[in-house]
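Read the structure below first, then the notes.
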């Protein structure tokens, strides 16, 4: 009878799950039962129950999350109680000056494990750390997990529009259902909050930096407040991007001049209304006087005038202003220098609550950029590092590119601002310049696709960003390993095969798209696929030739003293690394130098031969990625295996597209023969151009 | 030990399903085990297995679908074999002249049930009919289900763009992942095919009528072919919307003149390439010379010239051209008449493979329209009826509106073209005018939201459309009952409460938005929310005042002989119904008459009092819908209950918005007091206008 019941249960489950498989919805929070019975038993003894002191929403959330995870991993009920005896995990808020505001401590004590921290959110983070420990198959012996975040504001930036589209989003529509809010609370909001809290993200900007004024109206503040209510128990605060022209567009004022008293009063009143609805509202993100957006410069004011007025409108509320430095004017010299030239002179002029948000590199989220010259150059201003998790220039949702190495590369870059060791990380976490506030922002790759990120491995970028925002000293490789074991498989050979792919993937992508420091040669209207021949656009700095400067003599953008001299924006120590074309690391060569096609590089090859070799080996490496993935197959969920395998086929086809496009186009300029051993592309450039054009049609 | 195993299974399931609940993904194909053990046993005896003769993809699909459904419903394995004995269900293709091409027969025979039909698709339809029979709790006794479709081409039209957005879509992004195709085949494509096949839909236009030329390129044809490969085993053919200018945009020709030999040759070649890749390709849908789209009139040619050239390009391939009649020019009199004036004179001039696709009403998918005057007026041309399932003008995904009654109202409307009884349905199914081909099209409400349609009850509109496309004699109420029992609950009181809501929902929506024949007074840039005051736009026929003509004297559009005389487009019998303002059914009154505010209507109230009473009772009726839904709560999945309950709260808030907007605005013109008993709106019109404006900001 029991056997029969069991059979029926299994049948029902089978039918019920039909179509579900492992569809990626659970992200890295996969609390499937631990396979190792001994390990399970060991943990079971340490997790007879959960005792939580206090009834606040966040503590209760922490207990519930821990319960949910442990029940799954250990395969038996784990009750939550107000108190408990031996073998119970104790959750407790406790003052601990060594932990800052959000640090946690998970330790084995006489009666069992305790998770403590100086705030409720800290305890929540501790619970997720404990779950991660169990989930990755580690032992409870002499447990002592202690950690605190190095950066205070760990932000996700959503570029989501009110109509549900996501600018540069490749994972379906926005997860925010504005039309349905505030009444309809999509259960997904809570799952989103869980995922973020599990990696320590504590702030989210809900809307696109190309902002609609809607969000500042009472109508939308009610909607935002409903979302905030779901995120709050997970220690996450909401922020809004603002349209600078809002006082005109929805306020009925004739101007948005930041020095106009009526404008100031309008912002003050709006801010007060927002805080009435959302007492822990986080503040504002602003894209002003950039790519057609309005801003204080429309009224002859500076970015500082604008940012400071907005900071003032926050009054005594606990909020901040993140003011983006992503600005560039049409046709004013080297775009590389423009944000620096606009913002560096403003250092020291920003109010206390203002942070300036700077992209990792000087152009725009290219596959590899030198660090942005503003880092280290504005010591009196806290700078937010903005990285892009959505793969705008890195293959959308079809190319497997793990961004851990890209983010680390920027964080570890040495600005030499205060001598050797003045890394971007130390600028960002405030330690170098002794700032009391610090922030980091990732442009989210999240959409309403069932698996959240389109490409299943895109989840790793969300994960890695959160982990690095918490602790930038973690290694990219360690995070890849952790994510793989939590998300895909704990089988050692599979973990090895997959993490090798993750760790190489970004370099491979660079090789077949923009090797040796090439940049911004992608399809203009799409930011996907190659378009190095693009010479005409509404603005010269939207073309490709502006950046690669290929001519009969050579290739690359001379940014030395004989060229645009952008290198002069860097501190001497940093400049030194890049300034000489014969010693400049090859990964940055064409960022800074116009190099003759026939110049011999450190590899022993000429520029032309090195360039083409990289395009060919890069494309071939995708076949290696396919083989590695195939090796991991036995350890993977079949649907997931199939999905990624298919994406790797797209990736190879398109790697060849990039290779052929760039090799043939640059060859038309260089007039050089392909090095021996590299087979010539079998299609003409005209055919590739047609294909690129297709993807740019309406 | 077994108990422990069972417990563990249940725990795992609990954890595994965490976040799934009943999320609507399965649509009406919910094969949960029948609760009635006796009924289950009865069916088990009739379904010991499935025997299928033949190995074609569609027959194997039929067997697999039947197996999947029966295993879920009956809670035990149902093997599929090449042959089987007593109690096996036999699936067999068998000639049967009485069944047409796609009709099926499901009958009890001596050795068991047989499902037969003259084609493989027919057998598949029979399997779904059998499943529906089991799923709705009916008995196998003397089973004889025989049915054949009344309309040959039963189409879904997707208004989906290459970038993943959906024009007028309210359920997330497009389900078609063009960037990832052809390599990545989203498992969802198959579930989409299953759902369509289960209701008899046999053709889908994959892309927006405002078409991109991309789809006609080899690059995209490969993608389309991959989708076609998934749909084919389910008896579904793919079609494409075409951009008329394609020969110029992607063909490199200087013109798209349909009479130009090079243009003809280009289309012929393209069509041949498509058929090489997709041998069962269905054909083309065209929106030409409409709302800025290019068309043959750009070259001084007629719609017939264009359609016939395209039909010619199909050559001997088995394909059709559906040419849309949705055209209207700026400022040329009454928009109501324009499609008629452009197309009626072309009757008899279209080639054999051309059908003209006509919206249900003369304006544009309003909540209620008189039937389109072209129905019955083009007897020598097969007409496709186009209805809109996506709720562009009917509350997006937040208002519960079951469209069965709307579709039926149009199908049953009498054109009087060949005397009484010349219904639209008979025009569309070809029986009235003896056409050899017939078609019907529904503009899909499908997106990538987990539940497919945004509003869970939106699924009922997809379902009802498919069922009516198959058999327009089915009743809207019967379909509502069937859908409810398959999708939500079989509990009788719940079914009653819910179906009452479904059946009333469209009339209620009309009452609080556009009672008495008002139309096109919604927010211009959004088609959501009220904007009856809109008087300025790029075109007069995009304003609201153009349609309601409110003035000091009265309200409504005089389309009688003393006005635009649009009524003259109808046959005398049909015209007769509407032509007299004192006998015109009130639901159509303001479509055809400018009626004094103080005119006494058949209800005994003045126009003004009737109008305002309808706005108030309409809004109040949403509270009744809420109470009905609450009554059904015990029988519903909790997550689903909560979701719809929340949407009904949005709906009530917005019904009051519509009510107050329209009552206050029309009162500003009529200067009439509200009838006794109706409380005046508590907010001024200016406040409502501001709110409407917010939703129309970028």
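Residue numbers (our numbering), protein chains in the order written: chain C, 7 to 704; chain W, 7 to 704.
The beta-carbon is built from N, C-alpha and C at its ideal position, and this holds for glycine as well.
Here the structure is a predicted model, which is why all the values come from computation and not from measurement.
- Span of the alpha helix (DSSP H), counted from its first residue to its last, around residue 235 (chain W): If you look at residue 235 (chain W), you'll find it in the alpha helix (DSSP H) that goes 224-237.
- Task: Answer with yes or no whether the minimum CB distance from residue 14 (chain W) to chain C is below 8 Å.
- Result: Residue confidence for residue 14 (chain W) is low, a pLDDT of 37 falling below 50, so the modelled location carries little weight and cannot support an answer.
- Below 8 Å, can you find three or more Cβ-Cβ pairs linking the stretch 45-60 of chain W to the stretch 137-156 of chain W? yes
- For residue 553 (chain C) and residue 524 (chain C), the rounded distance between their alpha carbons: When rounded, the separation of the alpha-carbon atoms in residue 524 (chain C) and residue 553 (chain C) is 8 Å.
- Find the residues of chain C that neighbour residue 85 (chain W), judging by a C-beta separation of less than 8 Å, and give them in chain order. What residue 85 (chain W) touches in chain C: nothing, since even the nearest Cβ is about 14 Å away.
- Paired residues, beta bridge with residue 365 (chain C) - DSSP: C:392
- Starting from the N-terminal side, write out each stretch of the beta strand (DSSP E) that is 3 residues or longer and does not extend beyond the stretch 169-215 of chain C. 209-211
- Query: Taking C-alpha atoms, which residue in C:167, C:191, C:188 lies nearest to residue 180 (chain C)?
  - Reply: C:167
- Beta-carbon gap between residue 109 (chain W) and residue 153 (chain W) smaller than 8 Å: yes
- Query: Are residue 203 (chain W) and residue 130 (chain W) closer than 8 Å when you measure CB to CB?
  - Reply: yes
- Item | residue 410 (chain C) (DSSP reduced to helix, strand or coil) | helix
- State the CB to CB distance for the pair residue 680 (chain C) and residue 620 (chain C), rounded to an integer number of angstroms; the pair is presumed to be in contact (CB under 8 Å). So it is not a contact: roughly 13 Å between Cβ atoms.
- Message: List, in chain order, every chain C residue whose beta-carbon is nearer than 7 Å to that of residue 171 (chain W).
- Response: 171
- Item | Residue nearest to residue 176 (chain W) in terms of C-alpha spacing, selected from W:426, W:450, W:135 | W:450
- Query: Just by C-beta distance, which residues in the stretch 217-240 of chain C are closer than 8 Å to chain W?
  - Reply: Cβ contacts with chain W: 218, 219, 220, 223, 225, 226.
- So is residue 767 (chain W) buried or exposed if we call it buried at 16+ other beta carbons inside 10 Å? Within the shown structure, residues of chain W are numbered from 7 to 704, placing residue 767 (chain W) beyond reach of any answer.
- Anything in the stretch 386-403 of chain W with a Cβ closer than 9 Å to a Cβ of chain C? List those residues in chain order, please. 402, 403
- Item | Residue interval of the beta strand (DSSP E) (run including residue 99 (chain C)) | Going by DSSP, residue 99 (chain C) is part of the beta strand (DSSP E) stretching over 94-99.
- Using a cut-off of 8 Å between C-beta atoms, extract the partners of residue 189 (chain C) located in chain W. 652, 653, 655, 656, 659
- Contact set between residue 645 (chain W) and chain C, taken where Cβ atoms lie within less than 7 Å: 193
- With 16 other Cβ atoms within 10 Å as the buried cut-off, status of residue 249 (chain C): Per the 10 Å Cβ criterion, buried.
- Residues of the stretch 255-280 of chain C with a CB closer than 8 Å to any CB of chain W: list them in chain order, please. 255, 256
- Query: Does residue 636 (chain C) have its Cβ less than 8 Å from a Cβ in chain W?
  - Reply: no
- Query: Under a three-way DSSP split, which group does residue 672 (chain C) fall into?
  - Reply: In this structure, residue 672 (chain C) counts as helix in the three-state DSSP scheme.
- Distance between beta carbons of residue 105 (chain W) and residue 111 (chain W), contact taken as under 8 Å: 7 Å
- Message: Strictly below 8 Å CB to CB, what residues from chain W border residue 178 (chain C)?
- Response: Per Cβ cutoff of 8 Å: 170, 178, 179, 454.
- Bridge partners of residue 568 (chain W), per DSSP? Paired residue(s): none; residue 568 (chain W) is not in a bridge.
- residue 331 (chain C) and residue 312 (chain C) closer than 8 Å at C-beta: no
- Every unbroken alpha helix (DSSP H) inside the stretch 632-681 of chain C [4 residues or more]: Runs found: 644-676.
- Count the other CB atoms within 10 Å of the CB of residue 103 (chain W); is the residue buried (16 or more) or exposed (fewer)? exposed
- Query: Is it buried or exposed for residue 545 (chain C), if we count other Cβ within 10 angstroms and need 16 for buried?
  - Reply: exposed
- Item | 7 Å CB neighbourhood of residue 664 (chain C) in its chain, flanking five on each side removed | 518, 519, 536
- 8 Å Cβ cutoff, residue 474 (chain W) in contact with chain C: Not one beta carbon of chain C lies nearer than 8 Å to the beta carbon of residue 474 (chain W).
- Message: Any beta carbon of chain W sitting closer than 8 Å to that of residue 71 (chain C)?
- Response: no
- Apart from the five residues on each side of it in sequence, which residues of its chain come closer than 7 Å, Cβ to Cβ, to residue 396 (chain W)? Once the five neighbours on either side are set aside, the close Cβ partners of residue 396 (chain W) are 174, 175, 176, 449, 450, 451.
- Query: Whose C-alpha, out of C:381, C:164, C:281, C:255, is nearest the C-alpha of residue 300 (chain C)?
  - Reply: C:255
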